[in-house]
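Chemist: Read top to bottom, the protein sequences are chains A and B. The UniProt record's numbering numbers the first residue of the first sequence as 1 and each following residue consecutively. The UniProt record's numbering numbers the first residue of the second sequence as 1 and each following residue consecutively. Beta carbons are placed, not taken as given, at the ideal position from N, Cα and C, and that holds for glycine. It should be emphasised that the depicted structure is a prediction, and the values quoted were computed from it without experimental measurement. What follows is a structure written as structure tokens; I'll ask about it next.
Protein chains: 2
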Amino acid sequence: MRTVFYISDGTAITSEVFGHALLSLFPMQFQHRTISFVETVEKAQATKALINKVCSQNGEPALVFHTFVNPEVREIIDSCDGVIYNFLEHFVKPLEQELQITACPKAHRTHSINKNSYDNRIDAVNYALANDDGSSITNFEQADVILIGVSRSGKTPSSLYLAMQYGVKVANYPFTDDDMENLSLPAFLKEHKKKLFGLTIDPQRLIDIREGRLAHSQYASARQCRMEVREVEKLYKQEKIPFINTTKLSVEEIAAKVLSQTGLQRYKY
Amino acid sequence: MRTVFYISDGTAITSEVFGHALLSLFPMQFQHRTISFVETVEKAQATKALINKVCSQNGEPALVFHTFVNPEVREIIDSCDGVIYNFLEHFVKPLEQELQITACPKAHRTHSINKNSYDNRIDAVNYALANDDGSSITNFEQADVILIGVSRSGKTPSSLYLAMQYGVKVANYPFTDDDMENLSLPAFLKEHKKKLFGLTIDPQRLIDIREGRLAHSQYASARQCRMEVREVEKLYKQEKIPFINTTKLSVEEIAAKVLSQTGLQRYKY
């Protein structure tokens with residue numbers, strides 16, 4: 001199996017995203033290795049030695065995705081036995097021409113603290129935790145969006161992802177069995193109706209997830225799951241609340257759809 | 001201000017990372033706009049019209065970062081008035097040659113559900129939530145790593161980030177004022193000593209964060225913050241627990257350092 005290295009003087013997140021996006025186009029298995037914080041000549045040399053050892057053991061060159069801007073470290077990595085893919089070098093010159101400004105390598109710290117947005121993100125994570133699962137219904141004023149749905153339809157991970165990645169303040173509220181008879185919007189949600197965004201899920205997937213948590217319970221029964229999903233979807237339609245089915249979606253996709261459909265601003269930049 | 005578009009037929013996360021990494025090299029401000037799920041010819045045409053309108057209004061071409069693999073949609077976006085940056089096209093051919101296999105555009109869904117790893121990530125998020133802030137000290141057996149530190153040193157966001165992005169199971173345990181007299185490792189931590197990873201923080205930053213939460217409290221006082229930081233750092237050194245100072249680190253950097261220093265496997269792929 002081909003070994004792939006993702007290397008950077010920072011977190012290596014950019015190298016990983018860059019490499020994964022490309023390798024996902026190839027129907028093959030790879031052995032992945034990430035080496036972050038290669039900030040010194042010594043660490044670069046050790047990394048080069050490791051790559052060379054892997055190339056020699058495997059009898060084929062490793063693929064090396066990196067984003068170094070420090071020329072000293074970069075030259076060491078570039079001289080290894082692996083095949084180098086560095087997307088920065090292809091795009092920096094054209095961008096310099098278009099923007100009429102010289103790139104400034106020292107600014108290259110994509111995933112470090114950005115004063116303007118970082119506290120927003122941490123505040124949003126704390127907000128999501130404090131307003132998870134209907135634990136507080138008095139702070140909805142501050143929410144950018146309120147995710148609603150039955151238990152285990154994806155509200156909590158989606159709220160946390162939106163907060164962590166984009167600094168969006170997301171509360172979430174679960175409809176439980178107690179709400180199901182004559183399901184309607186409680187007053188504390190109704191007054192924030194424009195912020196509501198519904199999640200739904202295929203009943204069979206919901207059964208599987210709930211069985212994993214509370215096997216053989218009424219909570220996980222086919223009848224209960226089907227009824228809950230039917231009732232919330234009816235409510236979303238009646239109240240004209242936008243909603244998506246999360247069955248086949250990752251948290252990344254759910255988050256992107258919520259942002260796209262609500263037109264919410266992202267605070268990451 | 002130059003407008004930048006990040007466009008994709010999926011979440012557009014890859015386009016954003018790609019564009020941000022490049023633009024972070026330029027000491028300028030940009031106006032950012034993300035357009036996700038451009039999956040149809042109609043949506044591509046609407047997107048092109050929007051880009052053209054922005055270019056015309058601004059009197060300068062927008063920058064357009066995209067990663068389309070569907071040729072029909074891609075040609076429409078490529079024909080807009082913006083300047084196109086598409087990193088896939090530069091690297092697909094060289095990779096095809098190196099791997100001796102043809103790229104398979106349909107597989108391009110970097111941020112969708114990957115059966116093998118996705119459930120791991122959601123399980124890890126649930127684990128992090130259930131084992132946050134010392135709320136449970138009986139599940140440490142299952143932890144990949146246990147973050148320890150004083151209150152507000154970054155344990156919770158870091159735990160959630162490691163879980164969400166990498167599927168790593170992280171518990172965290174706070175040392176509180178009650179622990180401070182003759183601070184030592186409690187037995188339930190001592191038996192998992194190899195999993196312990198310490199966070200520390202500069203006292204002044206800790207004071208600022210705690211003041212934001214509980215102004216004028218003993219909890220936020222300079223004396224208290226300095227004492228707690230001094231005591232935990234002494235403990236880390238005595239017990240030879242690896243630790244990092246989070247004062248100037250983002251959650252991405254904390255996570256990358258924890259992974260790098262513990263040698264933990266990432267489950268994302």
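Go to L22(A), then tell me how far its alpha helix (DSSP H) extends in each direction, as first and last residue.
Modeler: Start at 1 with the first residue of the first sequence, and residue 22(A) comes out as number 22. Run containing L22(A): 13-23, per the alpha helix (DSSP H) assignment.
Chemist: Give the residues of chain B in contact with L264(A), contact being defined as C-beta atoms less than 8 Å apart.
Modeler: Against the first sequence, residue 264(A) aligns to sequence position 264. None at all; the shortest Cβ gap to chain B is about 11 Å.
Chemist: With Q31(B) and V64(B) assumed to form a contact (beta carbons below 8 Å), what rounded beta-carbon distance in angstroms separates them?
Modeler: Position 31 of the second sequence, counted from the first residue, corresponds to residue 31(B). Position 64 of the second sequence, counted from the first residue, corresponds to residue 64(B). Actually they are not in contact, since the Cβ atoms of Q31(B) and V64(B) sit about 13 Å apart, beyond 8 Å.
Chemist: Which first and last residues belong to the beta strand (DSSP E) in which residue 278(B) is found?
Modeler: Because chain B spans 1 through 269 in this model, residue 278(B) falls outside it and cannot be assessed.
Chemist: Identify every residue that forms a DSSP beta bridge with Y6(A).
Modeler: Sequence index remark: in the first sequence, residue 6(A) carries index 6 (1-based). Beta-bridge pairing links Y6(A) to T34(A), F65(A).
Chemist: I'd like to know if S153(B) contacts chain A, where contact means its C-beta is closer than 8 Å to some C-beta of that chain.
Modeler: Taking the first residue of the second sequence as position 1, residue 153(B) is located at position 153. Not an interface residue.
Chemist: What are the start and end residues of the alpha helix (DSSP H) that includes G198(B)?
Modeler: One-based indexing of the second sequence puts residue 198(B) at position 198. G198(B) -> not in any alpha helix (DSSP H); beta strand (DSSP E) instead, spanning 196-200.
Chemist: Is A21(A) close to chain B? Criterion is C-beta to C-beta, closer than 8 Å.
Modeler: For the purposes of this step, residue 21(A) is taken as residue 21 along the first sequence, with counting starting at 1. A21(A) counts as touching chain B.
Chemist: May I ask which residues mark the beginning and end of the beta strand (DSSP E) holding residue 273(A)?
Modeler: The structure shown does not extend to residue 273(A), since chain A is modelled only from 1 through 269, so no value can be given for it.
Chemist: Which whole runs of the beta strand (DSSP E) in the region 81-144 of chain B are 3 residues long or more, in chain order?
Modeler: 83-85
Chemist: Kindly list, in the order they appear in chain A, the residues whose Cβ is closer than 8 Å to that of T40(B).
Modeler: Residue mapping note: residue 40(B) aligns to position 40 of the second sequence, counting from 1. At a C-beta separation below 8 Å, T40(B) has no neighbours in chain A, since its nearest C-beta there lies roughly 14 Å away.
Chemist: Would the region 245-258 of chain A and the region 195-202 of chain A be scored as touching if the rule is three or more Cβ pairs under 8 Å?
Modeler: yes
Chemist: If you pair each beta-carbon of the region 114-132 of chain A with each one of the region 221-229 of chain A, do three or more pairs fall below 8 Å?
Modeler: no
Chemist: Do A171(A) and F140(A) have their beta-carbon atoms positioned less than 8 Å apart in this structure?
Modeler: Here the question's residue 140(A) lines up with position 140 in the first sequence. Here the question's residue 171(A) lines up with position 171 in the first sequence. Contact: yes.
Chemist: With 8 Å as the limit, tell me which residues of the region 74-94 of chain A have their beta carbon closer than that to any beta carbon of chain B; keep them in chain order.
Modeler: V83, Y85, F87, L88, H90, F91, V92, P94
Chemist: Could you have a look at G59(A) and say whether DSSP puts it in helix, strand or coil?
Modeler: In the first sequence, residue 59(A) corresponds to position 59, counting from 1. The answer is coil: DSSP assigns G59(A) none of H, G, I, E or B.
Chemist: Compile a chain-ordered list of the residues in the region 149-173 of chain B whose CB is closer than 8 Å to at least one CB of chain A.
Modeler: T156, P157, L160, Y161, M164
Chemist: Note down, in chain order, every chain B residue with its Cβ under 7 Å from the Cβ of T67(A).
Modeler: As a working note, residue 67(A) is residue 67 in the first sequence. Going along chain B in sequence order, the residues near T67(A) (Cβ under 7 Å) are A21.
Chemist: Could you check whether R210(A) and A220(A) sit closer than 8 Å to each other, using their CB atoms as the reference points?
Modeler: One-based indexing of the first sequence puts residue 220(A) at position 220. One-based indexing of the first sequence puts residue 210(A) at position 210. Yes. Within cutoff.
Chemist: Have a look at the DSSP bridge pairing and note the partners of V150(B).
Modeler: Taking the first residue of the second sequence as 1, we reach residue 150(B) at position 150. Paired residues: F175(B).
Chemist: For the alpha helix (DSSP H) that Y219(A) lies in, which residues bound it at each end?
Modeler: Here residue 219(A) refers to the residue found at position 219 when the first sequence is read from its first residue. Per DSSP, Y219(A) is not a residue of any alpha helix (DSSP H), being assigned neither H nor E.
Chemist: Taking only beta-carbon atoms, is S217(A) less than 8 Å away from chain B?
Modeler: By one-based count along the first sequence, residue 217(A) stands at place 217. Not one chain B Cβ lies under 8 Å of S217(A).
Chemist: Answer with yes or no whether the minimum CB distance from V229(A) to chain B is below 8 Å.
Modeler: Along the first sequence, one-based indexing puts residue 229(A) at 229. Chain B contact via Cβ: absent.
Chemist: Three Cβ pairs or more, each shorter than 8 Å: is that satisfied between the region 96-105 of chain B and the region 19-35 of chain A?
Modeler: yes
Chemist: If we count the other Cβ atoms within 10 Å of its Cβ and call it buried at 16 or more, is K194(B) buried or exposed?
Modeler: Taking the first residue of the second sequence as position 1, residue 194(B) is located at position 194. With fewer than 16 other Cβ atoms within 10 Å, it is exposed.
Chemist: What is the C-beta distance between R121(A) and A163(A), in whole angstroms, given that I count them as a contact (C-beta under 8 Å)?
Modeler: Mapped onto the first sequence, residue 121(A) falls at position 121. Mapped onto the first sequence, residue 163(A) falls at position 163. Right, the Cβ-Cβ distance comes to about 7 Å (below 8 Å), so this counts as a contact.
Chemist: Mind listing the chain A neighbours of I13(B)? Cutoff is C-beta to C-beta under 8 Å, in chain order.
Modeler: On the second sequence, residue 13(B) is found 13 positions in, with the first residue counted as 1. Ordered by position in chain A, the residues that pass the 8 Å Cβ test against I13(B) are V17, E252, A256.
Chemist: Consult DSSP for N52(A) and reduce its assignment to one of helix, strand or coil.
Modeler: Position 52 of the first sequence, counted from the first residue, corresponds to residue 52(A). Of the three classes helix, strand and coil, the one that applies to N52(A) here is helix, per DSSP.
Chemist: On the CB-based measure, 16 or more other CB atoms within 10 Å of its CB, does A215(B) come out buried or exposed?
Modeler: One-based indexing of the second sequence puts residue 215(B) at position 215. Counting Cβ neighbours within 10 Å, A215(B) comes out exposed, since fewer than 16 surround it.
Chemist: Near R152(A), which residues of its chain fall below 7 Å by C-beta distance, leaving aside the five closest residues on each side in sequence?
Modeler: As a working note, residue 152(A) is residue 152 in the first sequence. Cβ neighbours of R152(A) within its own chain (closer than 7 Å, five residues either side excluded): L206, I209, R210.
Chemist: Where do the ends of the alpha helix (DSSP H) carrying G212(B) lie?
Modeler: Counted from its first residue, the second sequence places residue 212(B) at position 212. That run of the alpha helix (DSSP H) goes 203-213.
Chemist: Between the Cα of L50(A) and the Cα atoms of M28(A), T67(A), S79(A), which residue gives the shortest distance?
Modeler: The count along the first sequence starts at 1 and reaches residue 50(A) at position 50. Checked all of M28(A), T67(A), S79(A); the closest Cα to L50(A) is S79(A).
Chemist: Helix, strand or coil for S250(B) per DSSP?
Modeler: Walking along the second sequence from the start, residue 250(B) turns up at place 250. Looking at S250(B) - three-state DSSP - the assignment turns out to be coil, as it is neither helix nor strand.
Chemist: Name the two residues that bound the continuous alpha helix (DSSP H) containing R74(B).
Modeler: Here residue 74(B) refers to the residue found at position 74 of the second sequence. Segment 71-78, the alpha helix (DSSP H) holding R74(B).
Chemist: Which residue marks the beginning of the alpha helix (DSSP H) containing Q165(A), and which one marks its end?
Modeler: Within the first sequence, numbered from 1, the residue matching residue 165(A) stands at position 165. Element bounds for Q165(A): 155-166.
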